[in-house]
Every structure is written in C-alpha cells, then in structure tokens.
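Chains as they are written, first to last, in this note's numbering: chain C, 17 to 101; chain V, 12 to 253.
Glycine included, C-beta positions come from ideal geometry on N, C-alpha and C.
Note that this is a predicted model, so its numbers are computed, not measured.
Data first, discussion second: the structure below is written as structure tokens.
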C-alpha cells in the first residue's frame with residue numbers, strides 16, 4: 017500500500033504535530049510491549065499545555081520497542097517507539 | 012506568538028458556516044456530566060454529530076488530572092470526605108481542581124481537525140472566551156506565561172484542563188462566578204500555591220451564573236468564528252440510535 021513500514025518492516029511511532037507546541041511529556045503507555053495493535057488503537061498518552069493527547073497506533077502490528085518512558089519529555093517528531101508489521 | 016491570538020476578532024480557523032450546538036446542562040453531578048461528555052465524544056469522533064459545547068454547574072467535587080501530584084490538597088483526604096466532597100481521577104491534563112456551585116464549567120467537544128489541529132490554540136480559545144466574558148462585566152483578566160488559565164490581579168479566576176483523543180476534545184474550562192472559598196482553600200488550584208478568586212468577589216453588582224453562561228457562549232462562538240444554536244442533550248445523544 018506504499019505505507020511506511022511495509023510488510024515485515026518496522027514503523028516508528030513519532031510524537032505528531034500538535035500545533036503550536038514543541039514538546040510534550042509522556043504520561044503513560046496505554047499498551048505494553050508485545051501488544052498486538054490495530055491501526056488507530058490508543059497507544060500512548062502525552063500531555064502539554066494542560067492537555068492530554070492520545071497518540072494512536074499509526075499501523076497494525078506488534079509494539080516491539082518503547083523508546084521513551086513515562087514522565088520523559090519528547091519533542092514533536094521524536095520517535096516514541098516502534099511497531100513491527 | 013501570543014499577540015497573533017489577540018490581533019484578530021475571530022481566532023478560529025473553522026470551516027465557513029460551521030455550527031456549534033450549545034447545550035446548557037444546568038446543575039448536574041460531575042459523574043453524570045462526564046458520562047454525557049464521553050458519549051458525545053464517541054459520537055463526535057464517529058462523525059455522528061457536529062461540534063458541541065456544554066455548560067454545567069457541578070455539585071462539589073475535586074478532580075485530579077493525569078499529572079496530579081500528591082501536593083495538590085492542602086488538607087487530608089479524610090477532611091475532604093468529611094466535608095462531603097467527592098474526588099475523581101479524570102483523563103484531562105493538569106493537576107487537582109475544584110468544581111462546585113457558583114462556577115460555570117464549559118466542555119467543548121470539538122473535532123480539532125476542523126479547527127487547525129492545534130491543542131494549544133484550543134486552550135487559548137477557551138481562555139480568550141473567558142477573558143472576553145469577564146470584559147463584558149468590566150473585569151480585567153489575562154493569561155500568564157507558562158501558567159494556563161485566566162488570572163486577575165486578585166488571583167486565578169478560571170482554570171483549564173483538556174483531553175484530546177482521536178483529535179476530539181473533552182473537558183475544558185471552569186470560570187469562578189461565586190464559588191465557596193472554603194472549598195477552594197482545600198487545594199492548591201492546578202497544583203500551584205495561588206489564590207482562587209470569583210467574579211463576585213470583585214464585582215459590586217453580583218453576576219448571575221446564567222448570564223455568565225450566555226455571555227460565554229457568545230464569546231466562545233465568536234472566538235471560534237462559528238455561529239451557535241441551542242440544542243438539548245437528548246437531541247445530541249439520540250443520534251446514536253438512528
């Protein structure tokens with residue numbers, strides 16, 4: 017389908033562009049490593065400007081890597097984790 | 012950057028002729044209103060309804076956001092229980108806050124994809140609507156750098172806390188009209204050692220909550236650049252049965 021992380025690949029989960037902000041704090045991973053995910057599943061919750069934002073899984077697959085822990089600051093575009101197709 | 016928000020009359024980037032459905036819930040327990048918010052959020056995310064704004068006056072309750080720390084309460088939780096005030100943990104951002112009689116709470120359930128995909132702007136628009144509302148009563152209020160909410164020189168008058176899932180917002184802003192100061196004194200609002208103030212602490216002629224709600228809805232629709240229409244909650248929630 018021409019999507020990032022095609023068959024057998026790895027897709028990075030990045031902090032999306034949330035508008036006029038540069039960074040956010042990871043509140044909680046909502047799914048543990050090893051979870052099987054559908055595209056769009058709630059994956060990790062971040063907070064900025066008194067707002068929590070739930071980052072969805074960009075693809076279907078298995079959550080293989082969690083790169084940032086709860087409480088850590090992440091910048092927009094930074095890799096949060098990876099999903100194996 | 013802040014000045015760009017101030018420089019235009021309508022701050023939102025909404026699609027033309029967008030309509031905001033406004034539902035006045037009246038006095039309602041926190042849990043009941045939360046259930047209505049969650050159901051409306053699901054329907055907005057599914058595209059079954061358009062943007063909705065709720066206003067409500069809650070029974071006394073303390074709510075703790077996702078980043079609430081232990082220092083939020085100035086008294087023990089047993090004292091809170093003795094005062095008959097419930098405590099709830101919720102999905103919004105921010106620390107502990109108080110809701111109760113004499114406070115106007117506004118919950119916009121908006122699809123932020125249709126308003127510029129900007130979570131910071133969403134908070135600013137709520138604050139701006141509160142600032143304009145206060146201005147209608149001759150009260151001067153504003154923002155403080157790094158401290159979301161609305162402030163007067165007498166203290167913090169409105170608090171914000173939002174959650175966004177599937178790009179649809181929940182929770183919102185609480186504006187103190189005539190709040191029981193003893194209840195507020197049990198916490199550090201939003202985790203800060205600051206004083207909470209109500210409109211009627213400052214105004215010579217007390218404001219009525221219903222009048223504040225009406226002015227806020229006008230101001231918020233103006234800030235978003237939409238028109239609003241009155242709706243009732245059944246109308247919104249029954250769309251799911253169609």
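Open item on the list: Just to check my reading of the structure: residue 53 of chain C and residue 77 of chain C have Cβ atoms closer than 8 Å, yes? What is that Cβ distance to the nearest angstrom?
Closed with: Mapped onto the first chain, residue 53 of chain C falls at position 37. Mapped onto the first chain, residue 77 of chain C falls at position 61. The C-beta distance from residue 53 of chain C to residue 77 of chain C rounds to 6 Å, short enough to fall under 8 Å.
Open item on the list: Could you tell me the alpha carbon to alpha carbon distance between residue 84 of chain C and residue 95 of chain C, rounded to whole angstroms?
Closed with: Reading the first chain from its first residue, position 68 is the one you call residue 84 of chain C. Reading the first chain from its first residue, position 79 is the one you call residue 95 of chain C. Cα to Cα, residue 84 of chain C sits roughly 8 Å from residue 95 of chain C.
TODO: Look at the Cβ atom of residue 195 of chain V, then the Cβ atom of residue 117 of chain V, and state whether they are nearer than 9 Å.
DONE: Counting from one through the second chain, the residue named residue 195 of chain V turns up at place 184. Counting from one through the second chain, the residue named residue 117 of chain V turns up at place 106. No, they are not a contact pair.
Task: Whole-angstrom C-beta distance between residue 98 of chain V and residue 91 of chain V, which should lie under 8 Å - done: Taking the first residue of the second chain as position 1, residue 91 of chain V is located at position 80. Taking the first residue of the second chain as position 1, residue 98 of chain V is located at position 87. So it is a contact: roughly 6 Å between Cβ atoms.
Task: Contact with chain V by residue 35 of chain C, beta-carbon distance below 9 Å - done: Within the first chain, numbered from 1, the residue matching residue 35 of chain C stands at position 19. The Cβ of residue 35 of chain C sits closer than 9 Å to at least one Cβ of chain V.
Task: Spatial distance of residue 41 of chain C from residue 83 of chain V (CA atoms) - done: The sequence position of residue 41 of chain C within the first chain is 25, counting from 1. The sequence position of residue 83 of chain V within the second chain is 72, counting from 1. Distance between the alpha carbons of residue 41 of chain C and residue 83 of chain V is about 19 Å.
TODO: Quick one: which residues of the region 89-117 of chain V get their C-beta closer than 8 Å to a C-beta of chain C? List them in chain order.
DONE: Contact residues of the region 89-117 of chain V toward chain C are 102, 103, 104, 105 (C-beta to C-beta distance below 8 Å).
Open item on the list: Using a Cβ-Cβ distance cut-off of 9 Å, determine whether residue 93 of chain C contacts chain V.
Closed with: Within the first chain, numbered from 1, the residue matching residue 93 of chain C stands at position 77. No - not a single Cβ of chain V is within 9 Å of the one on residue 93 of chain C.
Task: Simplified DSSP state of residue 140 of chain V, which is helix, strand or coil - done: Residue mapping note: residue 140 of chain V aligns to position 129 of the second chain, counting from 1. Correct three-state label for residue 140 of chain V: helix.
Open item on the list: How far does the alpha helix (DSSP H) with residue 227 of chain V in it extend, from its first residue to its last?
Closed with: For the purposes of this step, residue 227 of chain V is identified with residue 216 of the second chain, where counting begins at 1. Element bounds for residue 227 of chain V: 220-235.
Task: Burial state of residue 199 of chain V (16 or more Cβ within 10 Å) - done: Counted from its first residue, the second chain places residue 199 of chain V at position 188. Counting Cβ neighbours within 10 Å, residue 199 of chain V comes out buried, since at least 16 surround it.
Open item on the list: Just verifying my parser: in three-state terms, what is the DSSP assignment at residue 100 of chain C?
Closed with: Indexing the first chain from 1 puts residue 100 of chain C at position 84. DSSP places residue 100 of chain C in strand when its eight states are reduced to three.
TODO: List the residues of chain V that residue 27 of chain C touches, going by C-beta distances under 7 Å, in chain order.
DONE: As a working note, residue 27 of chain C is residue 11 in the first chain. In chain order: nothing, as chain V lies at least about 19 Å away.
Open item on the list: So residue 205 of chain V and residue 167 of chain V are supposed to be a Cβ contact under 8 Å. How far apart are they, rounded?
Closed with: Taking the first residue of the second chain as 1, we reach residue 205 of chain V at position 194. Taking the first residue of the second chain as 1, we reach residue 167 of chain V at position 156. Contact holds; Cβ gap of about 5 Å.
- [ ] Following the continuous beta strand (DSSP E) through residue 3 of chain V, name the residue where it begins and the one where it ends.
- [x] Given a span of 12 to 253 for chain V in the structure shown, any question on residue 3 of chain V remains unanswerable.
Task: Residues that DSSP places opposite residue 198 of chain V in a beta bridge - done: Position 187 of the second chain, counting from 1, holds the residue named residue 198 of chain V. Bridge partners of residue 198 of chain V according to DSSP: V:84.
Open item on the list: Nearer than 8 Å: is that true of the beta carbon of residue 143 of chain V relative to any heavy atom of the ligand SAH?
Closed with: As far as ligands go, the structure on display features none, and thus does not contain the ligand SAH.
Open item on the list: Please return the same chain residues whose Cβ sits closer than 6 Å to the Cβ of residue 231 of chain V, not counting the five positions on each side in sequence.
Closed with: Walking along the second chain from the start, residue 231 of chain V turns up at place 220. Contacts found: 140.
TODO: Please list, in chain order, all residues of the same chain as residue 244 of chain V whose beta carbon is under 7 Å from its beta carbon, the five residues on each side excluded.
DONE: Translated into the one-based positions of the second chain, residue 244 of chain V becomes position 233. The residues are 34, 36, 47.
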